[in-house]
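Undergrad: The letter at position 117 of the sequence shown is residue 117 when you use full-length UniProt numbering, and the numbering goes up by one with no holes.
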Amino acid sequence: GMIMNPITFELEKGTFGEILVQLLLLQYGVQAAPPLKDSGNDLIAVRGECFRAIQVKTTSKKRINVNNLPNLYHILALVFLDPDADEDNLKLDSCRIFLLSCENVKKTCYSAEELGDYEMNRSHVNILFETKT
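(1) Helix, strand or coil for E103? Go by DSSP, reduced to three states.
(2) According to DSSP, which residues form a beta bridge with C109?
(3) When the Cα atoms are used, what is the spatial distance from F16 to N89?
(4) Does the structure place the region 41-48 close enough to the region 5-24 that three or more beta carbon pairs sit under 8 Å?
(5) How far does the beta strand (DSSP E) with K57 in it extend, from its first residue to its last?
(6) In the DSSP assignment, the beta strand (DSSP E) including L76 goes from what residue to what residue?
(7) With distances taken Cα to Cα, identify the nearest neighbour of Y110 among D93, N121, V79 and V30.
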């Protein structure tokens, strides 16, 4: 029978990262979705009147490379997948997500240890999605 094009674990990782960011933002009232046209942004996120373009980078290694960022984005989401993950087993609770506003992106490589202050939580998301009045 016909089968869909197989996706490699590498490609899958990026997809996992994006969906994980979407899912976890949703618990803080932020709706995020990939744009219809590939505008260079991975996700467009909305809460109330606040719109943010989000770039997502995902790794299962200790460090994450941040390059090829588009000229225009608001938030960089860095997803560290469960380091013990393989094709059959990805523990979502062992994944960590950090959110940096674009002005805080100063390097091209990060480890989870140095990102502690940026870990996704409600107060951090509230700051990033404040509507400037």
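Backbone N, C-alpha and C define an ideal beta-carbon position, used for all residues, glycine too. In this text the structure is predicted, and so the values were computed from the model without any measurement.
TA: Let me lay it out:
(1) helix
(2) In the DSSP output, where bridge partners are listed per residue, C109 has N65.
(3) 12 Å
(4) yes
(5) C50 to T59
(6) I75 to F80
(7) V79
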